[in-house]
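Chains as they are written, first to last, in this note's numbering: chain A, 1 to 300; chain B, 1 to 279.
Idealized CB from N, CA, C, for every residue including glycine.
Single-structure report; data block below.
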Amino acid sequence: MIQHIRENRRLQGFLLILPAMFVMVTLLVIPLTLTVITSFGQRDADGNVIYTFTLENYWRLLGFTEQGWDDLYLRILLRSLWLAVQTTVIVILMAYPLAYFIARSPEKRRNFLLFLVLVPLWTNFVIRIYAWVMILRSQGVFNSTLGAMAGLLNVPFQPLDLYPSQTAVLIGMVYEFLPFMILPIYTSLEKIEPSLYEAAADLYANAFRTFWRVTVPLSMPGIVAGTILTFIPVIGTFVVSDILGGRQVILVGNLVQRQFLDARNPPFGAAASIILLVMTLVLTLYYTRRFGLGEEIAAG
Amino acid sequence: MSAKKRSPWLTLVSILVYFFLYAPIIVLIVFSFNASRTNVVFEGVVNQGPCGPFYWYCELFRNRSVMDATRNTLIIAFTSTVVSTIIGTMAALALQRYDFFGKKVSETALYFPIVTPEIVMGIGILVFFSAVFGWINTALALAPNQRLTMGLGTVIVSHIAFSIPFVTLVVRARLHGFDDRLEEAAMDLGANEFTTFRKVTLPLIAPGVLAGAMLAFTLSLDDFIITFFTTGPGATTLPIYVYGLLRRIVTPELNALSTIWVLVVLIVVAISQWFQRRE
Chain A
1 MIQHIRENRR
11 LQGFLLILPA
21 MFVMVTLLVI
31 PLTLTVITSF
41 GQRDADGNVI
51 YTFTLENYWR
61 LLGFTEQGWD
71 DLYLRILLRS
81 LWLAVQTTVI
91 VILMAYPLAY
101 FIARSPEKRR
111 NFLLFLVLVP
121 LWTNFVIRIY
131 AWVMILRSQG
141 VFNSTLGAMA
151 GLLNVPFQPL
161 DLYPSQTAVL
171 IGMVYEFLPF
181 MILPIYTSLE
191 KIEPSLYEAA
201 ADLYANAFRT
211 FWRVTVPLSM
221 PGIVAGTILT
231 FIPVIGTFVV
241 SDILGGRQVI
251 LVGNLVQRQF
261 LDARNPPFGA
271 AASIILLVMT
281 LVLTLYYTRR
291 FGLGEEIAAG
Chain B
1 MSAKKRSPWL
11 TLVSILVYFF
21 LYAPIIVLIV
31 FSFNASRTNV
41 VFEGVVNQGP
51 CGPFYWYCEL
61 FRNRSVMDAT
71 RNTLIIAFTS
81 TVVSTIIGTM
91 AALALQRYDF
101 FGKKVSETAL
111 YFPIVTPEIV
121 MGIGILVFFS
131 AVFGWINTAL
141 ALAPNQRLTM
151 GLGTVIVSHI
161 AFSIPFVTLV
171 VRARLHGFDD
181 RLEEAAMDLG
191 ANEFTTFRKV
201 TLPLIAPGVL
211 AGAMLAFTLS
221 LDDFIITFFT
231 TGPGATTLPI
241 YVYGLLRRIV
251 TPELNALSTI
261 WVLVVLIVVA
271 ISQWFQRRE
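Structure representation (C-alpha cells):
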C-alpha cells in the first residue's frame, strides 16, 4: 500500500487535495444546493419550510406578485447594485492617488507608508462602523467640529443630519474597503519599469499623456483585483447598512438576513440569496473577461 | 517606479486620504477616556475609581461578557487557522506540483468562495447545519438538553471552510518557481520522503505558509457575517458582541476595547516583523 503511494504521483496529488475538497463539498457545494432547493419551496404558517417546486419566490423578487406588479424587491436589488458601483468608483478615485504616491516614494519609506494603510484594517470591521457612528451622528465629532468652525467665523450653523442616512452608509462602505483597493493598485504600479517612463519622455509624451497611456493601462490588473475585492463584499453586506442606515437603507443583504431571522421565511430569503449570487458571478465574470483576469488578487 | 517628480497636489491628496483613514481611529481612542457615559459628546477626561483616566479599561476587564467573547474569538481563530493552514497548504502543493484526476474542478471549487458574497455562504451553511442537526435530533430522538445546536463547533468549521482558499492562494504564489531538483537531490543523498519534506520542502515554503496562516488568522478575527449565521448560545465572538451593543447602548468601554484591539494587533505585527528580519 505505502509502496503504491510512493510510486504514484497522481495518487499523491489526489490524496493531498482530498481534505480541501471534502471541506468544499460539505460546506460549499452541499449548502448551496440546499439553498437552491429551499428557494423553490414554500413556508407554512409556523415558518417551517415545505419542499415543493415553485418559482413563486423568484417571481415575487422580480416584481410579479399575486396582487399584481410590485417593484419593492427589485428596487432593493437595484439599490444594492448602485451602492456597490458608487462605492467602487469612489474607492478607486481615492485609492489611486495614494497608491501612486506610495509607489513614487523613496524605496526605504514605501513599506512604512503601506503599513500605515493596513493599520486601520486591523481594528475590527464592526468597530470601524461604530467609529463612523460617533463621527456622523447629529451631536457627533463632525457636526461639533463644523459648529466650532462656524462659531469662529460667526456664521449660523445647522447640524447636518447625516446619521442614519444613505450617505452615511456610502461613507462607511468606502472606509471599510479603501485599503483593499490601495494594496493591489500599489502592487501593480510598483512593478512598472522606470525605463518605460523614460521611453515615453524620449518620445515627447507629456506628463499627462504618459500617465494616461503608460501608467493607467499597466496598473489595470491592480484596479481589476481591487474592484473584485471591493464590489463583492459591498454588494452582499448587511452590517454597514444596518448600523449606519438605520431602517432607511435596505439592501439585499438586509433582505436575506431578515427573511431568515426575523420574518421566518427561509424560502424567500434563499431565493434572494441565490439571485445575489448569480448577479455577483455574472458581473464578476463579465468584468474579468472585459478587463483581464485579476491575477493580483493573490498579491492583495 | 522611480522616486522623482511628485507634484504637491499628489502629496496633498495623499495626506487627505491618510487623514480619512485615521480620523475614525483617533476618535475611537480619544473617546475611550471620555467622562460621559453616553459617549456622544466629549466631556473631559474621566477620572474615577482607582484606575483614574483608565476607568473604562478597568470596567472592560471586569465585564464577563467581553472576556467570554474574547476567549471564544481566540479559540475560533487559533483552531481554524491551524486546520485551514494544513489543509490549504496540502491543496496548494497538490495544485502546483501534481497532476491528478479532477484537478481543474478542484481548482474552480477552491476559488469559488473568494467570489461568493459572504452572506450567501453563511446562509448556505446555516441551512445545511439546521437540516443536518434537525435530522439527527429527530432520528435519535434526543432530549432537549442533548440536541445538537449551532455553537463554537459550527463557527470553527465554517471559518476553516472560508480560510482554506485564501491559504491555498498565498502558498501557491510562493510555490511558483519551486525547484523540484532540490527534493530529488535530497532523495539521491538517501533522505526518505519524510526527511526530505521536513528538511527541504518545508523550510522553502515556510514563509508562504506563515503568510497564509497570518491571513487566515486575520480573516477569522475580523469575520462577522459568516459567524453571525453559524453562531449559537455560548459562542458569541467579539464582533458579534459589539454588533449587539451597537443596537442598544454604547459606553466608552467599547472604545477602550477598540484601542486595546489596535494595540494588540500592532504588537503582534511588530513581533512577526522582528522574526522575519532575524531570518
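Straight across, the Cα-Cα distance linking residue 251 of chain A with residue 258 of chain A is about 11 Å. If you draw a straight line from the Cα of residue 131 of chain A to the Cα of residue 250 of chain B, it comes to about 11 Å. Judged by their CB atoms, residue 41 of chain B and residue 195 of chain A are not nearer to each other than the 9 Å cut-off. Here residue 65 of chain A carries a strand assignment [DSSP, helix/strand/coil]. Look at residue 249 of chain B here: in three-state DSSP terms it is coil, with no helix or strand label. A straight line joining the alpha-carbon of residue 74 of chain B with that of residue 202 of chain B spans about 26 Å.
Apart from sequence neighbours up to five positions away, the residues of its chain that approach residue 187 of chain B with a beta-carbon distance below 7 Å are 196, ordered along the chain. Burial is judged here by how many other beta carbons sit within 10 angstroms of a residue's own beta carbon; residue 4 of chain A has fewer than 16 and is exposed. Closest by C-alpha distance to residue 160 of chain B, out of B:139, B:62, B:149 and B:216, is B:216. As a beta-bridge residue in DSSP terms, residue 43 of chain A pairs with A:49.
The segment 23-35 of chain B and the segment 113-132 of chain A touch, with no fewer than 3 CB-CB distances between them shorter than 8 Å. Taking a Cβ-Cβ threshold of 8 Å, none of the residues of chain B is close to residue 251 of chain A; the smallest such distance is about 10 Å. Short of 6 Å from the beta carbon of residue 234 of chain A, and not among the five residues preceding or following it, lie these beta carbons of its own chain, in chain order: 84, 87 and 173. The beta carbon of residue 193 of chain B falls within 9 Å of a beta carbon belonging to chain A, placing the residue at that interface. Taking every protein chain shown into account, the CB of residue 149 of chain A has fewer than 16 other CB atoms within 10 angstroms, so this residue is exposed.
Following the DSSP letters along the chain, one finds residue 87 of chain A inside the alpha helix (DSSP H) bounded by residues 72-103. Sequence-distant Cβ neighbours of residue 237 of chain A in its own chain, meaning closer than 7 Å and more than five residues away, are 253. The Cβ atoms of residue 236 of chain B and residue 63 of chain B do not sit closer than 9 Å to each other. In terms of Cβ geometry, residue 230 of chain B and residue 126 of chain B form a close pair [threshold 9 Å].
Under DSSP, the beta-bridge partners assigned to residue 48 of chain B are B:52. Counting along the chain, residue 4 of chain A sits inside the alpha helix (DSSP H) bounded by residues 2-7. In this structure, the straight-line span from the alpha carbon of residue 36 of chain A to that of residue 274 of chain A is close to 7 Å. Flagged as an interface residue toward chain A: residue 93 of chain B, by a C-beta distance shorter than 9 Å. In terms of Cα proximity to residue 86 of chain B, the closest of B:208, B:118, B:247 and B:114 is B:208. Near chain B, meaning a CB-to-CB distance below 8 Å, the residues of the segment 161-189 of chain A are 175, 178, 179 and 189.
Straight across, the Cα-Cα distance linking residue 109 of chain A with residue 286 of chain A is about 38 Å. For residue 250 of chain B, a Cβ of chain A is located within less than 9 Å of the residue's own Cβ. Minimum Cα-Cα distance from residue 55 of chain A among the listed residues A:112, A:268, A:186 and A:118 corresponds to A:268.
Take residue 115 of chain A, set aside five residues on each side of it, and no residue of its chain has a beta-carbon closer than 6 Å to its own.
By the C-beta criterion, the segment 213-227 of chain A is judged to be in contact with the segment 90-108 of chain A, since at least 3 inter-stretch pairs fall below 8 Å. Contact between the segment 144-154 of chain B and the segment 39-54 of chain A is not established, with fewer than three Cβ pairs separated by less than 8 Å.
Secondary structure note for residue 191 of chain A: it is in no alpha helix (DSSP H), with a DSSP letter that is neither H nor E. Taking residue 234 of chain B as reference, the option from B:277, B:213, B:181 and B:154 with the minimal CA-CA separation is B:154. Within the segment 112-149 of chain A, complete alpha helix (DSSP H) segments of at least 4 residues are found at 125-136, given in chain order.
Interface with chain A (9 Å Cβ-Cβ cutoff): residue 103 of chain B is included. As for any alpha helix (DSSP H) of minimum length 4 sitting wholly inside the segment 178-251 of chain A, the runs are 194-202, 207-210, 216-236 and 239-244, ordered along the chain.
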